[in-house]
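Student: I'd like to ask you about the structure that follows.
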Amino acid sequence: MLRIESGLAAHFIQPDGSSWPGTDWAVGLKRGDDEYRVIVRAYLSADATAATRDDQQYQAQTVLGYVSDLLNQGWMPDQPDQLQITILNPKG
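Residue 87 in my numbering sits at position 86 of the sequence shown, and the numbers go up by one each step.
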């Protein structure tokens, strides 16, 4: 089971000193009897449309899909990874 627990939109300092807007999404997941909470930092692509920027539901669903893909590839939520994605405009 995967679910979005919360999201925090902010500007995040990059290694080069610049600041980019993004959202830290808290994702709750349950595997068997074990429950986890992981944070995924999501940035929007530079060419993201206003509609994509405003669509938090799309952004949240993209984050859930990302975590699901990681799990399907064998990633375990207790691994100390810093999860980060760039969200693109929807296709179509």
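The beta carbon of each residue, even a glycine, is placed where N, CA and C say it ideally should be.
Mind checking whether residue 84 and residue 40 have CB atoms under 9 Å apart?
Tutor: It is a contact, given that the beta carbons lie within the stated cut-off.
Student: If the criterion is Cβ atoms closer than 9 Å, does the pair residue 89 and residue 5 meet it?
Tutor: No. Outside cutoff.
Student: Look at the alpha carbon of residue 24 and the alpha carbon of residue 31, and state the distance between them as a whole number of angstroms.
Tutor: About 22 Å.
Student: May I ask you to report which of helix, strand or coil DSSP gives residue 71?
Tutor: Helix, per DSSP.
Student: So, for residue 54: in the same chain, excluding its five sequence neighbours on each side, which residues have a beta-carbon less than 8 Å away from its beta-carbon?
Tutor: Taken in chain order, the residues that qualify are 45.
Student: Can you grab the Cα-Cα spacing for the pair residue 69 / residue 17, in whole Å?
Tutor: Roughly 31 Å separates the two Cα atoms.
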